[in-house]
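Chemist:
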Amino acid sequence: MDYLLTTVPGLEDFVIEELAERFGAQRARGLYMTGRVVAQVEAAPPELFRLRTVERFGVFLGDGRADTLGEVVELAVGQLHKALRYLTANTTAGVRCERVGEHGFTSRDVEREVGRWLKDRGFTISLVDPDVEINVDVVEHYVSVWVTVAKRSLKDRPWRVYQHYASLNPIIANAMARLAKPQPGETICDLTCGGGTVVAEAAELYPHARYLCIDISLRHVKGALVNTAHLPQVDHIWFDSTKVYRAARPICDKYIFNPPYGFRIPGRIGRLYRLLGKAMRRLARGCATYVVITPRYRTFLSQVGGELLLKRVIYQGGLYSHIIMGRICR
Numbered sequence: 034m035d036y037l038l039t040t041v042p043g044l045e046d047f048v049i050e051e052l053a054e055r056f057g058a059q060r061a062r063g064l065y066m067t068g069r070v071v072a073q074v075e076a077a078p079p080e081l082f083r084l085r086t087v088e089r090f091g092v093f094l095g096d097g098r099a100d101t102l103g104e105v106v107e108l109a110v111g112q113l114h115k116a117l118r119y120l121t122a123n124t125t126a127g128v129r130c131e132r133v134g135e136h137g138f139t140s141r142d143v144e145r146e147v148g149r150w151l152k153d154r155g156f157t158i159s160l161v162d163p164d165v166e167i168n169v170d171v172v173e174h175y176v177s178v179w180v181t182v183a184k185r186s187l188k189d190r191p192w193r194v195y196q197h198y199a200s201l202n203p204i205i206a207n208a209m210a211r212l213a214k215p216q217p218g219e220t221i222c223d224l225t226c227g228g229g230t231v232v233a234e235a236a237e238l239y240p241h242a243r244y245l246c247i248d249i250s251l252r253h254v255k256g257a258l259v260n261t262a263h264l265p266q267v268d269h270i271w272f273d274s275t276k277v278y279r280a281a282r283p284i285c286d287k288y289i290f291n292p293p294y295g296f297r298i299p300g301r302i303g304r305l306y307r308l309l310g311k312a313m314r315r316l317a318r319g320c321a322t323y324v325v326i327t328p329r330y331r332t333f334l335s336q337v338g339g340e341l342l343l344k345r346v347i348y349q350g351g352l353y354s355h356i357i358m359g360r361i362c363r
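Okay, so the sequence shown: first residue is 34 according to my numbering, each after it adds one.
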């Protein structure tokens, strides 16, 4: 069956990687920075709920390029005949549009026009929880048409009991862990762990490594303890991460973390990154790989130093951030 799967824009290749791991997907393609992957997967929809790099998914109808509202509607209508088998006289239909970029129309315009086409053909339209949800997504000039299967977001992890006020999207944490690739016997350190999202995702994906969750806030450390209670390979330290090397020997083989980026305190963020870099060097067992996400990657690199191995852009919550992977030595 052909599916469309959504993810964080910039992480499309990780969806393809996971599909190959779990299902041996025969065909998959993702257009960079659209957050959309189309794949042919020999699996029933319930099996896809196990995916960890995906937000939502559904049955793929078709895609293409369009610039105007008329072109978007024409493209969508051209694919909707494939969705008619899901609609009966006793079902309701709804149209949902997610739009990214600058356009001469709104998401509501797309939903109204496509909904009008369906209504003119005798189908009942519902604006609240329809039986069949038809998606017409417009990302810049790319348009995808699909029918929702997963209405609940797959990024809502069952282990997340404690909600950190600035928690990282688990899908991003999963991608960062995939970049770091923790090996058996390694110790992976999260210096600003918050609610433990990074270590929870990494430990579930790579269970044979050891994980250390460090935060200056006792409340967050207690929350991380709750969120990672099912993972015995995760340890926790309540300490100032910039000074923890004074109390611990060099134990870190790799770092995966989401440091504060301080748009409200720009003058202090450089100093924080410099102190974190010092702690990373002191805690490293020889040389250590780090994977970090921040919109202030230039500041981070200038203050922490080391060798830059990889840099990639993602888009989340209206903000472009960089995942950077580097290597730092004592």
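Just so you know, even glycine gets a beta-carbon here, dropped at the ideal spot from N, CA and C.
Note that the structure is a prediction, hence the values are computed from the model and not measured.
1. Would you tell me roughly how many angstroms separate the C-alpha atoms of residue 168 and residue 245, rounded to the nearest one?
2. When the Cα atoms are used, what is the spatial distance from residue 43 to residue 83?
3. Tell me, to the nearest whole angstrom, how far the beta carbon of residue 89 is from that of residue 39; I am working on the premise that it is less than 8 Å.
4. Would the stretch 125-141 and the stretch 169-177 be scored as touching if the rule is three or more Cβ pairs under 8 Å?
5. So residue 70 packs on residue 116, CB below 8 Å; how close in whole Å?
6. With a threshold of 6 Å on Cβ separation, who are the neighbours of residue 242 within its own chain once the five nearest residues in sequence on each side are excluded?
7. What number of angstroms, rounded off, separates the C-alpha of residue 1 from the C-alpha of residue 77?
8. Quick one: any contact between the stretch 102-114 and the stretch 138-153, if contact means 3 or more CB pairs under 8 Å?
9. If you run the structure through DSSP and keep just helix, strand and coil, what is residue 253?
10. Is the number of C-beta pairs between the stretch 205-215 and the stretch 225-243 that are closer than 8 Å three or more?
11. Three-state secondary structure (DSSP) at residue 364?
12. Which class does residue 150 belong to by DSSP, given the choice of helix, strand or coil?
13. In angstroms with no decimal places, state the Cα-to-Cα distance between residue 46 and residue 344.
14. Please confirm whether residue 178 and residue 109 have their CB atoms less than 7 Å apart.
15. Quick check on the burial criterion: 16 or more other C-beta atoms within 10 angstroms. Buried or exposed for residue 52?
16. Quick check on residue 363: buried or exposed, where buried means 16 or more other Cβ atoms within 10 Å of its Cβ?
17. Between which two residues does the alpha helix (DSSP H) holding residue 366 run?
Modeler: In short:
1. C-alpha separation (whole angstroms): 41 Å.
2. Cα to Cα, the separation comes out at about 21 Å.
3. Residue 89 to residue 39, Cβ: 5 Å. Contact.
4. Judged by Cβ distances under 8 Å, the stretch 125-141 makes contact with the stretch 169-177, as three or more pairs qualify.
5. Contact between residue 70 and residue 116 is ruled out by a C-beta separation of about 20 Å, above the 8 Å threshold.
6. The beta carbon of residue 242 is closer than 6 Å to those of 215, 219 and 221 in its chain, skipping five residues each way along the sequence.
7. Any property of residue 1 remains undetermined from this structure, which presents the chain solely from 34 to 363.
8. Under the Cβ criterion (8 Å, minimum of three pairs), the stretch 102-114 counts as touching the stretch 138-153.
9. Residue 253 falls in the helix class under three-state DSSP.
10. The stretch 205-215 is in contact with the stretch 225-243.
11. This structure cannot settle anything about residue 364, because the visible part of the chain is limited to 34 through 363.
12. In the three-state scheme derived from DSSP, where H, G and I count as helix and E and B as strand, residue 150 is classed as helix.
13. Computed Cα separation, rounded: 14 Å.
14. Yes, the pair counts as a contact, with Cβ atoms nearer than the cut-off.
15. Per the 10 Å Cβ criterion, buried.
16. Around the Cβ of residue 363, a 10 Å sphere holds fewer than 16 other Cβ atoms; the residue is exposed.
17. This structure leaves residue 366 out entirely; the chain is present only between 34 and 363.
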